[in-house]
């Protein structure tokens, strides 16, 4: 099988980490150049929810890879 038997766990780890890190970076450093339809900063509660979901998915994937 391509990339081993743990492909789904690796993909879940990549997706969870990208979701968590991307939303943290959007909160810490919002975009400098805005267009007409852009928000000045991302919605706080949605970003926090995505950070939590991404972190849980990442830890779940690491636990699946270890176990």
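Residue numbers (my numbering): 68 to 134. We put the beta carbon where it would ideally sit given N, CA and C, even for glycine.
key: With 16 other Cβ atoms within 10 Å as the buried cut-off, status of residue 80   = Buried: at least 16 other Cβ atoms inside 10 Å.
query = Just how far apart, CA to CA, sit residue 77 and residue 108?
reply = Taken atom to atom, the span from the alpha-carbon of residue 77 to that of residue 108 is near 31 Å.
Through-space distance from residue 131 to residue 88, alpha-carbon basis = Distance from the CA of residue 88 to the CA of residue 131, rounded to the nearest whole angstrom, comes to 20 Å.
inquiry  = Taking 6 Å as the limit between beta carbons, can you name the residues of its chain near residue 94, skipping five residues before and five after?
reply    = 114.
Exposure label - residue 85; buried when at least 16 CB within 10 Å = When all chains shown are included, residue 85 counts as exposed.
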